[in-house]
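**Student:**
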Amino acid sequence: MQIYNFELGPIGVNSFLIIPEGADAVLIDAPEGSFEQAQKTLARSGDKIGHVLLTHAHWDHIWDAAKFQSAGAKICAHKDGQALMETPSSQKGYMFGLDGLSPAKIDVFLRDGQTLKFGDLAIEARAVPGHCPGSLAFVVESEKLAFVGDLLFAGSVGRTDFPGGDFSALEKSVREKIYTLPDSVKILPGHGGFTSVGEEKASNPYVRP
Ligand SMILES: [Zn+2]
Ligand SMILES: [Zn+2]
C-alpha cells in the first residue's frame, strides 16, 4: 500500500491518495486541484481512482468530486451529507465568495461501523457528527491511521458554527469514536499538521477524555 498526502485548495485541505495492492486507488477528500494532482501521481504507475471517500460534504473537501465522478470513480459518503453535496448553493454563505462548485451525487452511502475492502486495504467508516451533518472518520487499523476530516485537529477541533454544527455532538464523537482508539494511532486531519490519539487525549484543550 502506498499513501500520498496533498495539501490543496484555497484554504489548504489535506487530501490523501491511497494505492492498495490489488485494487484501484482510493482518494480521501477531493479539494480543488485534487483531480489534476491525482492524475499526475497515478500516471506514473498506470493506476486509476476507483473510489472517493468524503469525510464530509463541505465545499472545500468536495470541490473536485464531480470531476472524479465524471471520470468513473464512485463517490462514497454518509447520506446525511447528501443535501450539502447535491445542492452547492446551500453552502454559498460560507464559500468566501467563491463560485462554481459543481454538484456530485453520492454513489455509495456509508454507514457507521461499515468496513470497506479495497484489495489488501480495509477501511472502517465511523460516523462522527458535530462539525456538519454526515461527518465520517475513516480508520485503517492495519496501518494505525485515522482520517478525521474537520472533526479534530492538532490541538483544536472543527468549527461547529456552520449550519448543522453541534459542539456537544462533536465532543461525544471525539470521545467515543476517536479517543477509544489506541494512543499510537496517527490522526490525519482535514487541515493542518498530523497528530496522534495519545497526544490529543493528553493535551487537546477543547475535548478532554
Ligand atoms: Zn468542514
Ligand atoms: Zn475543511
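The numbering of the sequence shown is my numbering, which starts it at 517 and goes up by one. Positions of the beta carbon are idealized from the N, C-alpha and C atoms, including for glycine.
In terms of alpha-carbon separation, which member of GLU537, GLY538, VAL542 lies closest to ASN521?
**Tutor:** Position 5 of the sequence shown, counting from 1, holds the residue named residue 521. When only C-alpha atoms are compared, the closest one is VAL542.
**Student:** So what does DSSP say about GLU537, is it helix, strand or coil?
**Tutor:** Within the sequence shown, residue 537 is the residue found at index 21, counting from 1. Three-state DSSP puts GLU537 in coil, outside helix and strand.
**Student:** Does ligand 2 have even one heavy atom less than 7 angstroms from the beta-carbon of GLY549?
**Tutor:** As a working mapping, residue 549 is identified with position 33 in the sequence shown. Not so, every heavy atom of ligand 2 lies at least 7 angstroms from the Cβ.
**Student:** Leaving aside the five residues before and after ALA593 along the sequence, list all residues of the same chain whose C-beta is less than 6 angstroms from its C-beta, in chain order.
**Tutor:** The sequence position of residue 593 within the sequence shown is 77, counting from 1. Answer for ALA593: LEU570, ILE622, listed in chain order.
**Student:** Using a Cβ-Cβ cut-off of 7 angstroms (strictly less than) and excluding sequence neighbours within five positions of THR557, which residues of its own chain qualify?
**Tutor:** Taking the first residue of the sequence shown as 1, we reach residue 557 at position 41. Same-chain partners within the cutoff: TYR520, LEU533.
**Student:** Within its chain, find whatever has a CB closer than 6 angstroms to the CB of GLY635; leave out the 5 residues flanking it on each side and keep chain order.
**Tutor:** As a position in the sequence shown, residue 635 is number 119, starting the count at 1. For GLY635, where only same-chain residues beyond five positions count, the Cβ hits under 6 angstroms are PRO536, GLU537, GLY538, ALA539.
**Student:** Could you compute how far the alpha carbon of GLY562 sits from the alpha carbon of ARG691?
**Tutor:** Numbered from 1 along the sequence shown, position 46 holds the residue referred to as residue 562. Numbered from 1 along the sequence shown, position 175 holds the residue referred to as residue 691. Those two C-alpha atoms are separated by around 41 angstroms.
**Student:** Alpha carbon to alpha carbon, how far is ALA620 from GLN585? Give it in angstroms, no decimals.
**Tutor:** Residue 585 sits at position 69 when you count from the first residue of the sequence shown. Residue 620 sits at position 104 when you count from the first residue of the sequence shown. Answer to the nearest angstrom: the Cα atoms are 7 angstroms apart.
**Student:** Classify GLU548 as buried or exposed, calling it buried when 16 or more other Cβ atoms lie within 10 Å of its own Cβ.
**Tutor:** Numbered from 1 along the sequence shown, position 32 holds the residue referred to as residue 548. The residue in question, GLU548, is buried, as its Cβ has 16 or more Cβ neighbours within 10 Å.
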